[in-house]
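Chemist: Mind looking over this structure? Questions follow.
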């Protein structure tokens, strides 16, 4: 990229992020050299001025956008120059455009178009007529137009001549960047999205009933409602248009804006009526359709960006959920007719045994199932039982709990585990290569066991989109969603670090500087040469060159190796700093590690030099205090209430413990052990006003909730985290206000193992639930 352009981009990013330009320039240079964001954030703080990973991700995203903008700017300048129309003023305008939209507005008059009515009129010699009436509106249009009638040119009469002149001016007006920009800004501030029912689609589109006649300000429309309306339009149920508030503006207000902007005399002159008609057509035929499409596109982009952020936030919380740790675990994949699949994995996740039992209907071989499970637990010294939370999960949990109670000497702990994406993994190519001789159902039980031991290590094997912790994930740009989720996974993996001797190919491939090929080579090297004894052995792995080693070494840990530093996040390139500490303190590394009191007495400045600054030395000392510390929280799980196994068992007023499965813009979904998540609306999450449910809860949190209402036929549960709320009372109804049907639509329905979107959520049409729905709708429209 041209140095001048790069300097301009860096200056703009620095201004937007409120950081020094030198920080941006240094970071851009590192990115161009192939450094990853996790590596830069942790090991290049001196160079970047200690920009954190969030700032670096924002910088990376803006760099991508502005680079694309510059590429487009260059292409446009070249195209206009080739047309021979590039003036110094025009070039300056193009170079000053700060957004892609502004740039495209300027380019509009120069775009190569199909033959338009305006161009045809110009070819017929009508441009002088258009100019004459525009410049001298005191002329009678019909009189002037009579001189341009020419049957040979296709201008049959005066009406045809004036029609052609109208099209010439319409196209000219509609291509004025300043006018287009002014109207766009006006509609952004004052425009309203109007959704209406397509006639005859009442029954087919019942789930979109809240939007059969919906008005909402464009600038305030939240992502979940915008995406709901777009989905309704895509399904042919709704139609959308952009309108002005009829109480505040006359329908022809934009036409007045056009006339005023162009200084057109639309009253009091001979040609005023004709010019007013030109303005009307310019707005309704040219500008309104163009701007409506443009603003709906922007609304969709904005809504998608917001939805992707929600998905990313939930995914991060799920992947960084507390691990149960290296314990022998029995995974149970429940089902009724096809039985409960069992798989035992050792402390490292290696499969030790597998089987299947049939305790539930129609076989009902309960005692036999208990004997098989007990035998497996005794044989392999099982410590944990992980039960998938799908179909038959509570019945299977009852089986495991009964075993734990009858055989206390086994010291078993039973826990419910999310199955989201488990079936996707089971049927994946990776699972087939990992367990070629096992049935897909057994692979599912293995995945359930492993994700209890270490959620991150197991979830990286699944396409992030299939985990299903977002809202409207199938309605957003799949390219943008994939790119965002990939960065989330990368950040999570590198934040935790990876055990070089146990990590799978999918986990290794997410480490800074590595890809699937190099990750496969690491595993192959490990299989043939034995465990890694130190990080230096990575240099012997095929295709893992110096750059890849630099990027990955600090994130790959070797437990119980030759060098104790290899088990920490201290990068090999800075081992010399530790050696200096060892030399000055006269203490070996092994005695320094973990001695917090002693390490905190050291002066970090004393160990800095021209290569390693204060931020790096401080990080090294912190790492020596707690080497290989895991940023994830302490492991804990919810205890589901005994006897509450299905929606019909719930009663208003019950206080239950549950696990947050998904956080959206309008609330949080909580699994309380009945195979169907309940919703805590944002208004019922706290006694204080909150703008974002993420302020209160995140995926994986164990929370207490009160049941406010239950709709058994529709399988809808209204919950509140305000335990003093009373079901059926006004305050309680307000607290647990249900969302609209579309707000309730989400991607992680408990029984949907693949994580695909569930159908739109509904509510009952009578009783308390109807009141809740009505209040939620009123709140949503305020």
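Residue numbers (UniProt numbering): 1 to 782.
Every residue, glycine too, gets a C-beta built ideally from N, C-alpha and C.
Since this is a predicted model, take the numbers as computed values, not measurements.
(1) Can you confirm whether the stretch 196-209 touches the stretch 167-184 when touching is taken to mean that 3 or more C-beta pairs between the two stretches lie within less than 8 Å?
(2) Determine the direct distance from the alpha carbon of residue 255 to that of residue 132, and round the result to whole angstroms.
(3) Is it true that the CB of residue 86 sits closer than 8 Å to the CB of residue 17?
(4) Between the C-alpha atoms of residue 276 and residue 287, what's the straight-line distance to the nearest angstrom?
(5) Should residue 591 be labelled buried (16 or more other beta-carbon atoms within 10 Å of its own) or exposed?
(6) Over what stretch of residues does the beta strand (DSSP E) that includes residue 354 continue unbroken?
(7) Tell me, to the nearest whole angstrom, how far the beta carbon of residue 438 is from that of residue 354; I am working on the premise that it is less than 8 Å.
(8) Out of curiosity, what's the CA-to-CA distance linking residue 631 and residue 623?
(9) Between residue 224 and residue 195, is the Cβ-Cβ spacing less than 8 Å?
(10) Would you decide whether residue 112 is buried or exposed? Buried here means 16 or more other CB atoms lie within 10 Å of its CB.
(11) Going by DSSP, what residue range makes up the alpha helix (DSSP H) through residue 11?
(12) Around the Cβ of residue 11, are there at least 16 other Cβ atoms within 10 angstroms (buried) or fewer (exposed)?
(13) DSSP state of residue 257, grouped into three classes?
(14) For residue 739, count neighbouring Cβ atoms within 10 angstroms of its own Cβ and tell me buried if that reaches 16, exposed if not.
(15) Quick one: Cα of residue 7 to Cα of residue 45, how far?
(16) Can you have a look at residue 478 and say buried or exposed, based on whether 16 or more other CB atoms are within 10 angstroms of its CB?
(17) Need the endpoints of the alpha helix (DSSP H) that residue 243 sits in, please.
(18) From the DSSP output, in three-state form, read off residue 194 for me.
(19) Which same chain residues end up closer than 7 Å to residue 671 when comparing Cβ atoms and leaving out the 5 residues on each side of it in sequence?
(20) Classify residue 517: buried if its beta carbon has 16 or more other beta carbons within 10 angstroms, exposed otherwise.
(21) Does the distance from the C-beta atom of residue 507 to that of residue 557 stay below 8 Å?
(22) Specify, as a first and last residue, the run of the alpha helix (DSSP H) that residue 494 falls within.
(23) Among 349, 391, 404, whose alpha-carbon lies nearest the alpha-carbon of residue 371?
(24) According to the Cβ coordinates, are residue 633 and residue 322 closer than 8 Å?
(25) Go ahead and pull the three-state DSSP assignment for residue 416.
(26) Nearest-angstrom Cα distance between residue 730 and residue 653?
(27) Does residue 720 pass the burial test, meaning 16 or more other C-beta atoms within 10 Å, or should it be called exposed?
(28) Report yes if the C-beta distance between residue 232 and residue 208 is below 8 Å; otherwise report no.
(29) Counting only runs of 4+ residues fully inside the stretch 570-600, write out the alpha helix (DSSP H) ranges in chain order.
(30) Excluding the 5 residues flanking residue 571 on each side, which residues of the same chain have their C-beta closer than 7 Å to its C-beta?
(31) Short check: CB of residue 445 to CB of residue 317, under 8 Å?
(32) Identify every run of the alpha helix (DSSP H) within the stretch 151-182, keeping only runs that are complete inside it and at least 4 residues long; order them along the chain.
(33) Can you tell me the Cα-Cα spacing of residue 137 and residue 161, whole angstroms?
(34) In chain order, which continuous runs of the beta strand (DSSP E) of length 3 or greater are located wholly inside the stretch 256-340?
(35) Kindly identify the DSSP beta-bridge partner or partners of residue 655.
(36) Between the alpha carbons of residue 562 and residue 533, how many angstroms are there, rounded?
Modeler: For this structure:
(1) no
(2) 22 Å
(3) Contact: no.
(4) 15 Å
(5) The residue is exposed, with fewer than 16 neighbouring Cβ atoms inside 10 Å.
(6) 351-357
(7) Yes, they are in contact, since the Cβ atoms of residue 438 and residue 354 sit about 7 Å apart, within 8 Å.
(8) 12 Å
(9) no
(10) exposed
(11) 3-17
(12) exposed
(13) helix
(14) Confidence at residue 739 is low in this model, with a pLDDT of 44, below 50, so the placement of that residue should be treated as unreliable; the coordinate-derived value is given next. Buried, by the Cβ-count rule.
(15) 21 Å
(16) exposed
(17) It is not in any alpha helix (DSSP H) - residue 243 instead sits in the beta strand (DSSP E) that spans 238-244.
(18) strand
(19) 389, 658, 659, 661, 677, 750
(20) exposed
(21) At least 8 Å separates the beta-carbon of residue 507 from that of residue 557.
(22) 478-496
(23) 404
(24) For residue 633 and residue 322, yes; Cβs fall inside 8 Å.
(25) strand
(26) Note that residue 730 scores 41 on pLDDT, short of 50, meaning its location in the model is unreliable; the coordinates nonetheless yield the value given after this. Their Cα atoms are separated by approximately 14 Å.
(27) buried
(28) yes
(29) Entirely contained in the stretch 570-600, the alpha helix (DSSP H) runs reaching 4 residues are, in chain order, 575-585, 589-592, 596-599.
(30) 43, 553, 554
(31) The Cβ atoms of residue 445 and residue 317 lie no closer than 8 Å to each other.
(32) 158-174
(33) When the Cα atoms are used, residue 137 and residue 161 turn out to be separated by approximately 16 Å.
(34) As far as the stretch 256-340 is concerned, its whole beta strand (DSSP E) runs of at least 3 residues are 329-333.
(35) 706
(36) 6 Å
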